[in-house]
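These notes concern the structure reproduced below.
Numbering (my numbering), first residue to last: 45 to 313.
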């Protein structure tokens, strides 16, 4: 498909398809900001941040949200504002709508603008821990505030020696990191978030970096400009599966998709 044809197909899609958004709350502010200039989205749902730590739960809650959108008949395509997220999107599927997701390992790719930008940065800067407006807002990030919070929790339950030991063990994973990088898309008070990130880095003894994000990937996901290089679109009876190459994800038939199940008989005979 040449570029003119591709652009035409994207324009037709934007004019005819109803798009529902299901996203992670860690990107809620950015999504709502960019949706102010996008008129093809029929509904928006956000799930709590942190579900990627429990992939099965993420998968279950995503499927419930997808089922809700389909039951309300408010969309033709459901765009997932997620990355692959610890395989949490594997197995989700639809009965009627199409599903689309960016080819991204996690939400940081959506902030940086491409999987290539993400791969290049982490290759040059191993040991990076990412901070952003959404992350800083939705959870207590590594730094003095988190340390003090955990210390208080442990000291309320254990004696001082045990509390100190448990705190040290809980924070062992931080030794794998050496840099705090703040990335933002120019939404909200980026300066305050950047200063907070630097303060955390200084306290942890990490290096600090600030990256200006690229909103193109996120905006195109929200507005229906879905080329195959950056996005994966699947139909009913299909789902997403991890790919061992640079494309991140691939389509696959879903043996347990809702499409293949008999309708549940809710009335007992």
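Glycine included, C-beta positions come from ideal geometry on N, C-alpha and C.
As the structure is a computational prediction, the values presented were derived from the model and not from experiment.
The residues 221, 224, in chain order, have a CB closer than 6 angstroms to that of residue 173 in the same chain once the five nearest residues on each side in sequence are set aside.
Membership of residue 102 in any beta strand (DSSP E) is not indicated; the residue belongs instead to the alpha helix (DSSP H) covering 99-116. Here DSSP, grouped into helix, strand and coil, assigns residue 273 to coil. Burial check for residue 236: the Cβ neighbour count within 10 Å stays below 16, so the residue is exposed. By the 16-neighbour rule on beta-carbons within 10 angstroms, residue 204 is exposed. Runs of beta strand (DSSP E) with 3 or more residues, each lying fully within the region 191-254, are found at 223-228, listed in chain order.
No Cβ-Cβ contact shorter than 8 angstroms links residue 257 with residue 134. Pairing residue 217 with residue 262, the inter-Cα distance amounts to about 30 angstroms. Residue 278 carries a strand assignment under DSSP once its states are collapsed to helix, strand and coil.
Each residue's CA atom was taken as its position, placing residue 83 and residue 259 some 17 angstroms apart. By the Cβ test, the region 87-106 is in contact with the region 127-142, since at least three Cβ pairs between them sit closer than 8 angstroms. By the Cβ test, the region 177-184 is in contact with the region 64-73, since at least three Cβ pairs between them sit closer than 8 angstroms. For the region 158-187, the continuous beta strand (DSSP E) assignments of 3+ residues that do not extend past its boundaries occur at 172-175, in sequence order.
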